[in-house]
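Residue numbers (full-length UniProt numbering): 1 to 464. Even for Gly, the Cβ is constructed at its ideal location relative to N, Cα and C. No experiment lies behind these values; they were computed from the predicted model shown.
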C-alpha cells in the first residue's frame, strides 16, 4: 500500500519540530512529548513524560494538598470546639448545684460561705426601710430600723430589726421578724408612733403590735399582752390601728377590733381601755394626765394672710410636756401674754392654734417675734431644743431658688451658719455634743460640725 506524505505535528503543543527515536516513534523538541504512528497511519498516539515537572501537573498536586490541609484544619477546629463546649457546660452544671442550696435569709457569714466566690454568695442586693429612728444611748448614736431585705439568690424578702452603730457604720444587732401577715404581694404595711420620747409602738399589717424601747435597743411583740389587764376584752385581736380621734384631744391611741367583734380604744401609756361607744367620751374626762408644770420653749413660723413670715419664739406649759401650740399667723410685734391663759388682743392677733386654750392646765406663757427685721421665703422649722434652732428657707423669692439650712441663736435670732441643700438634704436632725447628725434618708446620714461644715457622710452598711 502506497504511503501518503503528511505533516506530523505534536499532539500536545502542535510543534512540527521533532526527533525520531525509532521507526515511526518521535519526541517533540518543544515539549518533550513522545508520540508514534499506528499501522494504518491515521491515528497519532501520545505518551506524556513529565520529565520537567510541568506547571500544570505541579498546580494540580498543590491544590489537592491545600484542600487536604484545609479540610483537616476544619475537622480539628470542630473537634476542639466540641470538647471546650462540653467542658464548660459540665463546669456550669457543677457551679449551679453548688451555689443554690436551700437559702437561709441571714447576713451572718458561715465557714462554707467564706470559701465561696463572691458571685455565689447569697448577699443582700436591696433594702427597703419601713421605719428608722436615730437615738442616742450613753452619748453614742444608733440607728434603729425595720429593714426589708431582698437577696441575690432569692425572689423572696424578709424583715429584720436592725441596730447600727452610726459612727462605726457597723450592725451591732439584728434579728429576723418572722410570721408576719403579708399582703398578696408578700409585703407588710408598717405604722408607728412615739408615745413618749423613748417608747415607740409599731404595728405590722394591722395584725401585730411591737414595743420599741429606744434606750434598751429592744423590740418586743406585745400583741397578746395589750389587753391583758382587761380580760373582758382580751378575746384575741382581729386588727389594731394607731390613730387619733377628736375625742382624744389629738392624742394617739390604739383602736382595736377583737375577735368577738368589740371595738376598743386603748391608751398604752396609761394602760386604759374603753369600749368605743358614748361612754368612752365621758370616761376620757377622768383619763389621768402627766402633771408637768414646767415651762417649755418652742418655735413656729407664722404668716397673716399674704404678709411676711415671722419667726415666733414662745413659752408654754402643758401637763404632758408636749407642744400643742402652733402659731399659724402673725401681724403684731413683740407682745407678751399676761400668763393667765387668757390672751390679750395683741397675742390673739398671732392666731395661735392649740387644742386646750380653755383648759388652765395648758398655758401660753410668753411669745415674741425673734427676728422682726428679717424676710423669709417658704420657711420651715427643722429642729429646735433649749439651745439650738435650725430652720429651712429659700435663698430668695425666686421659685427656682435653692433652700438654705441655717442655725440661729435662740435668743437673738442671729445666723450662726448656713448650709445649702445643694450639698446635702436634711429630713431630720439630732444634736450630739457640738455636732449635729442630719438624716438624709433611712440609709444615709451626715455629720455637721459646729461651724456648719459636713465633716462626714455615712451610708449604712447592708450586712453584718
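Tell me whether the beta-carbon of residue 435 lies closer than 8 angstroms to the beta-carbon of residue 450. Within the chain shown, the letter at position 435 stands for residue 435. Within the chain shown, the letter at position 450 stands for residue 450. Closer than 8 angstroms, so yes.
Just to confirm my understanding: we take residue 239, look at its own chain, exclude 5 residues before and 5 after, and list those with CB closer than 7 angstroms. What are they? For this step, residue 239 is matched to residue 239 along the chain shown. Answer for residue 239: 206, 207 and 257, listed in chain order.
Classify residue 468 as buried or exposed, calling it buried when 16 or more other Cβ atoms lie within 10 Å of its own Cβ. No statement about residue 468 is possible, as the shown extent of the chain runs from 1 to 464 and does not include it.
Out of 415, 375 and 409, point me to the one whose CA is closest to residue 397's CA. Here residue 397 corresponds to residue number 397 of the chain shown, with the count starting at 1. Minimum Cα distance to residue 397 is reached at 375.
Taking contact to mean at least 3 C-beta pairs separated by less than 8 angstroms, is the region 153 to 167 in contact with the region 127 to 144? Output reads yes: the region 127 to 144 touches the region 153 to 167.
Roughly how many angstroms lie between the CA atoms of residue 319 and residue 190, to the nearest whole one? Taking the first residue of the chain shown as 1, we reach residue 319 at position 319. Taking the first residue of the chain shown as 1, we reach residue 190 at position 190. Rounded to the nearest angstrom, the two C-alpha atoms are 30 angstroms apart.
Should residue 132 go down as buried or exposed, given a rule of 16 or more other Cβ atoms within 10 Å for buried? Along the chain shown, one-based indexing puts residue 132 at 132. Buried: at least 16 other Cβ atoms inside 10 Å.
Beta-carbon proximity of residue 9 to residue 15, cut-off 8 angstroms: Numbered from 1 along the chain shown, position 9 holds the residue referred to as residue 9. Numbered from 1 along the chain shown, position 15 holds the residue referred to as residue 15. The criterion of a C-beta distance shorter than 8 angstroms is satisfied by residue 9 and residue 15.
Tell me which residues share the same chain as residue 183 and place their Cβ nearer than 8 angstroms to its Cβ, disregarding the 5 neighbours each side in the sequence. Indexing the chain shown from 1 puts residue 183 at position 183. Here the set comprises 189 and 205.
Own chain, CB closer than 8 angstroms to residue 152, minus 5 neighbours either side, in chain order: Taking the first residue of the chain shown as position 1, residue 152 is located at position 152. Once the five neighbours on either side are set aside, the close Cβ partners of residue 152 are 121, 122, 123, 124 and 125.
Do residue 253 and residue 262 come within 8 angstroms of each other at the CB atom, strictly closer than that value? Taking the first residue of the chain shown as 1, we reach residue 262 at position 262. Taking the first residue of the chain shown as 1, we reach residue 253 at position 253. The answer is no: Cβ separation not under 8 angstroms.
Every unbroken beta strand (DSSP E) inside the region 136 to 187 [3 residues or more]: 140 to 151, 157 to 165 and 170 to 177
Determine the closest residue to residue 408 out of 158, 315 and 388, with distance taken between C-alpha atoms. Your numbering for residue 408 matches position 408 in the chain shown. The shortest C-alpha separation from residue 408 is found at 388.
Around the Cβ of residue 457, are there at least 16 other Cβ atoms within 10 angstroms (buried) or fewer (exposed)? If you number the chain shown from 1, residue 457 lands on position 457. Residue 457 comes out exposed.
Between the Cα of residue 226 and the Cα atoms of 270, 198 and 244, which residue gives the shortest distance? For the purposes of this step, residue 226 is identified with residue 226 of the chain shown, where counting begins at 1. Taking only the C-alpha atoms, the option nearest residue 226 is 270.
So is residue 73 buried or exposed if we call it buried at 16+ other beta carbons inside 10 Å? The residue labelled residue 73 in the question sits at position 73 within the chain shown. Exposed: under 16 other Cβ atoms inside 10 Å.
Tell me the rounded alpha-carbon separation between residue 461 and residue 372. Within the chain shown, the letter at position 461 stands for residue 461. Within the chain shown, the letter at position 372 stands for residue 372. Between the alpha carbons of residue 461 and residue 372 lies a distance of about 45 angstroms.
Can you check the region 203 to 261 for any alpha helix (DSSP H) of at least 4 residues that lies completely inside it and give the ranges in chain order? none
Can the beta-carbon of residue 482 be found less than 8 angstroms from the beta-carbon of residue 199? Limits of the chain in this structure are 1 at one end and 464 at the other, which puts residue 482 out of reach.
State the start and end residues of the unbroken beta strand (DSSP E) segment that holds residue 374. Position 374 of the chain shown, counted from the start, is the residue given in the question as residue 374. Counting along the chain, residue 374 falls outside any beta strand (DSSP E), and DSSP gives it neither H nor E.
Where do the ends of the beta strand (DSSP E) carrying residue 380 lie? The residue labelled residue 380 in the question sits at position 380 within the chain shown. 380 to 384 is the span of the beta strand (DSSP E), which, as asked, contains residue 380.
Of the listed residues 296, 233 and 297, nearest to residue 266 (C-alpha basis): The sequence position of residue 266 within the chain shown is 266, counting from 1. For the residues 296, 233 and 297, the minimum Cα distance to residue 266 belongs to 233.
Quick check: residue 405 and residue 419, are their CB atoms within less than 8 angstroms of each other? Taking the chain shown and counting its residues from 1, the one referred to as residue 405 is at position 405. Taking the chain shown and counting its residues from 1, the one referred to as residue 419 is at position 419. A contact, by the Cβ cut-off of 8 angstroms.
What's the C-alpha gap between residue 130 and residue 78? Position 130 of the chain shown holds residue 130. Position 78 of the chain shown holds residue 78. Their Cα atoms are separated by approximately 57 angstroms.
Assuming residue 312 and residue 370 form a contact by the criterion Cβ under 8 angstroms, report the distance between their Cβ atoms to the nearest whole angstrom. As a first step, residue 312 must be located in the chain shown, where it is residue number 312. As a first step, residue 370 must be located in the chain shown, where it is residue number 370. Contact holds; Cβ gap of about 7 angstroms.
Apart from the five residues on each side of it in sequence, which residues of its chain come closer than 7 angstroms, Cβ to Cβ, to residue 378? Here residue 378 corresponds to residue number 378 of the chain shown, with the count starting at 1. Within the same chain, residue 378 has close Cβ partners 393 and 394.
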